[in-house]
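Everything below concerns the one structure shown next.
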Amino acid sequence: MYTIAELTERINSEVDKIQYNTEPQNLYAPIRYILSIGGKRIRPLLMLLGYNLYKDDVQAIMNNALALETYHNFTLLHDDLMDKSDMRRGNPTVHKKWNDNTAILSGDTMLIMAYQLFNQGISNEAALTAFIDATLGVCEGQQYDIDFESRNDVTEDEYMEMIRLKTSLLLGYALKIGALLGGADEEDVQNLYTFGEKMGLAFQLQDDLLDVYGNPEEFKKKLGGDIVVNKKTFMLINAYQKANPEQKAELDKWILAETFDSDKKIAAITHIYNILGIDKLAQQKIEQLFDIALQSLDKVKVADEKKAELRLFANTLLGRRY
């Protein structure tokens, strides 16, 4: 069995070896750039870990794993453009370093490259179908996220479905594809998918929570960013659900304000969260999802020692402190 560190090192090495056309330079240079500026390589790592539960020759599916990483970075490239973000992983985003049109076209090229890479890996019809389903689902999640920007009536169920599609789906499918390519039976494939999906949901909710209650030094960005931009999060949605008329009026005042003091807005909305116990509610949901994830991993029919790296991964992913 490979360790997380060994697989991550191998993935980084293989990302650097991806072959590109050299011309036109302004099409391929941004792709090389976005893939070279880091990232945790979570999705290809999970695919290799899922495969390694059943087979040892992880190099055999490296192109499949690189396909998922290429697709993920394609989504980041276009997300940054849609969100008008200036920085990604401490570096200028592609649309800032080049321009909007380059970001669109290089992103489109990355999507095509992702399917090329997948087809260069192990051929498996079920795995290819899963890859297609995953990539389509992420786009659906992104559209829901965009739709929610103009709505103030988003429900918790709608929000959970959006983050499932946009964020956790790809984690679940990474494990599912790895298991399929490794020859796992249908029950194991489903349990590994559930493990990844629920772990991803817990991670996203933890991110919502940390944006308000995190340690600024550990979180590495100013707290309250989601509050400032009126992002529909688990926190805000449940605050509206639980607020009395006076508290709803206070939330509306800050959400609808076109000009405001950011620090005062963060303090006011956080105060409402504190009164309503939104932090405790979010933590309970995180723990519930994490428990389901681990229970699903327990059901996978391989030796416990083979699942040790996946347990370590889950605990590391959700191991930040408030």
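Using the working numbering, read the sequence shown as starting at 7 and increasing by one per residue.
Note that CB positions come from ideal geometry on N, CA and C, so glycine has one too.
Looking at the backbone, the Cα of Leu82 and that of Ala109 are separated by about 10 angstroms. Residue burial annotation: Met7 is exposed, with fewer than 16 other C-beta atoms found within 10 angstroms of its C-beta. In terms of Cβ geometry, Asn197 and Val306 form a close pair [threshold 7 angstroms]. With contacts defined by Cβ atoms closer than 7 angstroms, Leu51 and Ala133 do not form a contacting pair.
Cβ atoms of Lys271 and Ile233 come within 8 angstroms of each other, at about 6 angstroms. When rounded, the separation of the alpha-carbon atoms in Leu55 and Ala190 is 13 angstroms.
For the 7 angstroms CB-CB criterion, Ile169 and Gln210 form a contact. Straight-line spacing of the CA atoms in Phe240 and Asn250 works out to 18 angstroms. The alpha-carbon separation between His78 and Asn280 amounts to approximately 35 angstroms. Three or more beta-carbon pairs drawn from the stretch 101-115 and the stretch 28-46 are found closer than 8 angstroms, and the two stretches are therefore classed as touching.
Membership of Glu155 in any alpha helix (DSSP H) is not indicated, and neither H nor E is assigned to it by DSSP. Boundaries for Tyr26: no alpha helix (DSSP H) harbours it, and the DSSP string shows neither H nor E there. Counting along the chain, the unbroken alpha helix (DSSP H) around Leu82 starts and ends at 68-89. Using a Cβ distance threshold of 7 angstroms, Glu223 and Ile10 do not count as a contacting pair.
Counting the other CB atoms within 10 Å of its CB gives Val308 a total below 16, which places it among the exposed residues.
Under DSSP, Asn97 takes part in a beta bridge, and its partners are Arg94. Annotation: Arg170 is outside any alpha helix (DSSP H) and is labelled neither H nor E by DSSP. When secondary structure is reduced to three states using DSSP, Asp191 falls in the coil class, being assigned neither helix nor strand.
Here Val235 is exposed. Its C-beta has fewer than 16 other C-beta atoms within 10 Å.
Of the residues Ala180, Pro98, Met88, Lys237, the one whose Cα lies closest to the Cα of Asn58 is Ala180.
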